[in-house]
Each structure stands twice: as C-alpha cells, then as structure tokens.
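Trainee:
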Ligand SMILES: Cc1cc2nc3c(=O)[nH]c(=O)nc-3n(C[C@H](O)[C@H](O)[C@H](O)COP(=O)(O)O)c2cc1C
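In this note's numbering, the protein residues as written are 927 to 1257.
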C-alpha cells in the first residue's frame, strides 16, 4: 500500500519561507507561552508592537466583553526599541520560527526612528508595520487611513531595514484596496488584514462605557466576516501576499481566509481562551488537506467560488459548481 505524502504547508512571504501558514496576531501571544505550547511548530512568531521610545498604555478598563468578541484599548505599552532588543528579543531567539517584529509610531518620523534602531539586529526576520492601531491618540489610526501616508511610511521603513516589510492594515477605512495598493507601491512584501474594528461596548445597568477610552478595538469571531471581506478586497488589489487575521479559531476559519485570498493567517483573541489553538489548527489543516487530496496549502489561496450560491452537500463536491481548481468543499 502506498502512503500518501503529507500536504505541503509551506508558504512564502517575500523572501521569507514559513514552514506553515499559521502565526500569532501581534499583541496576543508571547514567547512566555513557550512553557505550555511548542512554539517551534508555528509558521512564525509576531511580537507586540514596538515603539522607538518606551510608552505606557491606556487607562483601565482595557478589556470589555462584547457579543461574539471583545473590545480592547490596551494602548500598546512598549519598552521601546532598545528595551525590546535587551529584554524580549532574546526570548524570541530561543525559538526556531522566524520572528516578525511589529513596528509602531505616532508620527511618520517615529516609525523611521524605530526602524533605524532595529535594522540589522540579529534575530529579526521581518517587520510588520502597524499602521492601523485604533487605540492611539495620534498617528497610527489616522495615518493608516491615508494612502499617501501609508506609502511614505512603508517606503521609509523598507529603505532602512534589509528584511521583508509587511503592512498591517486597518479595516476602519472606506477602501482597504486603496490602502493595500499604497503599501505595495511603498515596497511592502505583504499586507496583513485586519487590525481591530473600532467599536463601543456599553453596560446598560450602570450606563457606563465598558472600557476606559470609551471606544476601542473589537476582535474575535464577531469581526470574521469583515476581515474576510477585507482580505478578499486586498487580495484582488495587489500582487503581494495577504496575511488574514480576524476571528480565526478553527481549521474551517483558516480555509475560509485562504479561499478569500490569504496566503497565511494570524490568530489573536482565540489564543486567550485556548493558547494551543494554533497548534490544533496546524494539525487539523494538514489532516483536512490530506483527506481532501490537496497537495499544497497554496492551492487554496484565492480559490473562492463566487456567483450564485450552491447547495451545501456536506463535504461532497457539487458537480454543478463552476470549476475553481479547489477540491475543498464548502460548509
Ligand atoms: C489585547 C490585544 C492586543 C493587541 N495588540 C496589538 C498590537 O500591539 N499590535 C497590532 O498590530 N495589533 C494588536 N492587536 C490586534 C490583533 O493583532 C489582531 O489584528 C486582532 O485582534 C484581530 O484578530 P483576532 O480577532 O484573531 O483577535 C491586539 C489585539 C488584542 C485583542
């Protein structure tokens, strides 16, 4: 009996080859979880956003529950670039997957200062430029909504670091396709979509906004359809890979993002309840592809069927469906 070859989970982000397409979302998962999860099995590690100078976070409460997700306004406390290199980066270096450092700034200049401080530092495989945080008073969010500013920031960071640069996009814009195109024009190797969706959570009994900054970033399953839509629009707008993030907790979620156009995915909020979510997804994805006879995960990217809906045949391919090249059933 011939044994079927294990599906090829490798994906490429610019010059970076990842062993599989699954990595943590920035700010949701750190190397300290290596005590309970084998981080060597992840496609990559992604750090919390690092700023040039140390900064504190937002006032309490920083987290609030919401239907199908949660609202946060952490405000990105940071040790600053020097503190990151001294204290946190050595912990990342202990693990095999490439480390992608999330880079922040409250102005265009601040991104460049942080990039200069971190350029050439051993153990940084790529940067993910956070031009999308909804919880910062100045810069970030507004900057990420202006295509010309995104292009300038990405170009400036690309010119200062010798490794791939990924742009992390906000969904809180009119046209995410325009922002993705600007990032590509600036030299980004990929875009990540999406950061949190701007929201408000209210306690009806106390009449109080649930978090200290009143508005905050909604994450978790509630934002998945928004994230899928953004990935789909971004993937159609650019030639570079799209990394999908927003509400992913299961293998089905990952397949949905791949079909919508993602090359890789990130998992955030789901890891707070189950820190081993990513490992379960990697195992499940491999098993699912093998069962469906899909040789490589890359075959799924962008294979979404669009047009009139078809009956869900519960895992059996619909013979009347248009050809897409994807053997993965819907449902
Ligand atoms: C508590 C918390 C902190 C976060 N911190 C960051 C951050 O520092 N930088 C960043 O780019 N995104 C940050 N995010 C956004 C996530 O990386 C991700 O884009 C978002 O949570 C959507 O994915 P999810 O629904 O899987 O959580 C944070 C999200 C949460 C919930």
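By construction, the Cβ of each residue, glycine as well, lies at the ideal position given by its N, Cα and C atoms. The structure displayed is predicted, hence computed values, not measured ones.
(1) What are the boundary residues of the alpha helix (DSSP H) that residue 933 is part of?
(2) The beta strand (DSSP E) with residue 1028 in it runs from where to where?
(3) Could you spell out where the beta strand (DSSP E) holding residue 948 opens and where it closes?
(4) Using beta-carbon positions only, say whether residue 1030 and residue 1080 come within less than 8 Å of one another.
(5) Any idea what DSSP makes of residue 1121, helix, strand or coil?
(6) Cβ of residue 1028 within 7 Å of any heavy atom in ligand 2?
(7) When DSSP builds the beta bridges, which residues end up paired with residue 1054?
(8) Starting from the C-beta of residue 884, find all residues in its chain whose C-beta is less than 8 Å away, skip the five residues before and the five after it, and write them out in chain order.
(9) Would you say the stretch 1202-1214 touches the stretch 1228-1235, given that touching needs at least three Cβ pairs under 8 Å?
(10) Could you check if residue 992 belongs to the surroundings of ligand 1, using beta carbon to heavy atom distance under 7 Å?
(11) Under 8 Å by Cβ, that's how I've got residue 1170 and residue 998 pegged, so tell me the actual separation to the nearest angstrom.
(12) How would you write the range of the alpha helix (DSSP H) that residue 1212 sits in, first residue to last?
(13) Is any heavy atom of ligand 1 found at a distance shorter than 7 Å from the C-beta of residue 954?
Mentor: This is what the structure holds:
(1) Note, residue 933: premise wrong, no alpha helix (DSSP H); not H, not E.
(2) 1025-1029
(3) Going by DSSP, residue 948 is part of the beta strand (DSSP E) stretching over 948-950.
(4) The answer is no: Cβ separation not under 8 Å.
(5) coil
(6) This structure simply doesn't include ligand 2; it includes ligand 1 instead.
(7) 1028, 1092
(8) Not covered by the structure: residue 884. The range shown for the chain is 927 to 1257.
(9) no
(10) no
(11) Between residue 1170 and residue 998 the beta-carbon gap is near 20 Å, outside 8 Å, which marks them as no contact.
(12) 1203-1218
(13) yes
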